[in-house]
Structures are given as C-alpha cells and as structure tokens.
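Asker:
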Amino acid sequence: MRLGISSKGTIYILCFVLVAVFAMAGAADAQVLCSQGTSFHIQDEGNVADAGNVYFGWGLDFNLNSGNTTWVHTPIPSVLFENTQILAVVFYTGSSDAWVDRIDVWNGDTRVKIIDGLHLSGDQAYVIDLGTDIPAVSLSISARVNAGVEQDPVGGHRFVFYTACAEFHP
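Position one of the sequence shown corresponds to residue 773 (this note's numbering), numbered consecutively onward.
#1: If you follow the beta strand (DSSP E) that Gly-889 is part of, which residue opens it and which one closes it?
#2: What span of residues does the beta strand (DSSP E) with Val-872 cover, start to end?
#3: Going by DSSP, which residues form a beta bridge with Val-909?
#4: Helix, strand or coil: how does DSSP classify Glu-939 here?
#5: Would you kindly work out how many angstroms separate the C-alpha atoms of Gly-829 and Ser-811, rounded to a whole number?
#6: Using three-state DSSP, classify Gly-903 as helix, strand or coil.
#7: Cβ of Asp-816 within 8 Å of Cβ of Val-932?
#8: Any heavy atom of the ligand PLP inside 7 Å of the beta-carbon of Asp-924?
#9: Is the CB-CB distance between Glu-922 and Ile-858 below 8 Å?
#10: In terms of DSSP beta bridges, what is Pro-847 paired with?
#11: Check whether the stretch 890–906 touches the stretch 864–874, taking contact to mean three or more Cβ pairs, one atom from each stretch, closer than 8 Å.
#12: Which term fits Leu-852, buried or exposed, when burial requires 16 or more other beta carbons within 10 angstroms of its beta carbon?
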C-alpha cells in the first residue's frame with residue numbers, strides 16, 4: 773500500500789496551517805473552496821514511470837522518470853465574480869531530487885501569476901498571494917514538476933498532490 777506522505781500527522785499539520793492562513797487573510801464572510809487531489813492531471817504522462825496507476829481516492833501520486841519535467845494542473849472551484857487574492861497548493865515530493873520550480877495561476881484563459889525560480893521539495897503547503905484582489909471567473913493552478921538525474925535517490929522522484937484552495941470574498 774502506498775502512503776500519501778512521510779507521516780499522516782504531517783498532512784494534518786499542513787492543512788491546519790493552510791486553514792489558519794486563510795482565516796487570517798480575509799473578512800468574516802470569506803469562504804474557502806478547495807479541489808480534491810484526484811482533480812489534478814499530469815500534462816505529459818509519457819514522462820511518468822507509473823502512468824497507469826497514479827490516481828487514488830485521496831489524490832495524485834506518481835514517480836517522474838529521471839531527468840524529466842512536466843506540468844500538473846488542477847482547477848479550483850470558483851465563486852463567479854467573487855474576489856480572490858490568496859490561493860494555496862498542498863503537495864509532497866519524495867526527495868530533494870524531485871521538486872516544483874514554477875507555479876502559474878490562471879483565471880479563465882488569462883495567466884494572472886507566475887512564480888518562477890522555486891525549488892520546493894518535501895512536505896509543502898505553498899501559499900500564493902496574487903498581490904491584489906481579482907474577480908474570479910475560472911481558477912486553476914499549474915505546477916511544473918522536475919526529476920533530477922540521480923538514478924535512485926532515497927524517496928525517489930515521487931510527487932503527491934493533495935489539494936489546491938482559494939479564498940473568496942465579496
């Protein structure tokens with residue numbers, strides 16, 4: 773049986789931190805909507821070692837082939853024309869040789885944020901601040917995932933995506 777992350781307690785801590793950040797970010801009438809991990813999709817499944825067995829009831833779990841890169845995309849349920857500024861994505865990588873180096877935020881067909889030059893690995897509850905409120909139309913997050921050339925790093929080139937969320941307010 774595959775486990776989601778290094779310890780079950782870690783995901784609970786990450787989710788608590790995520791909820792706390794959203795609670796502090798907005799007014800009392802704000803609401804947070806999240807996509808469940810099974811909504812994530814791999815753009816180039818040919819770069820994945822186990823492309824036939826990656827979707828589980830709790831999320832997306834895959835190993836990227838050494839030396840490869842691909843994108844992982846997920847929609848976020850949106851309250852049409854409500855404002856949003858704070859988003860987040862919760863994921864895990866099995867080693868420092870498996871990392872996310874870029875995150876894009878989309879609102880419909882418009883890219884509203886590019887966060888480049890990252891090297892996110894391990895347990896992550898990555899919060900994205902758009903810098904200003906935008907009226908949501910159809911939000912999504914894209915994360916570029918990378919596997920180094922190390923053949924058998926401890927933890928492998930494993931990626932696990934659990935959820936992506938956005939806070940909405942009038």
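Even for Gly, the Cβ is constructed at its ideal location relative to N, Cα and C.
Answerer: On the basis of the supplied data:
#1: 882–892
#2: 870–879
#3: In the DSSP output, where bridge partners are listed per residue, Val-909 has none listed.
#4: strand
#5: 10 Å
#6: strand
#7: no
#8: What this structure holds is no ligand at all, so the ligand PLP is not there to describe.
#9: no
#10: Ser-912
#11: yes
#12: exposed
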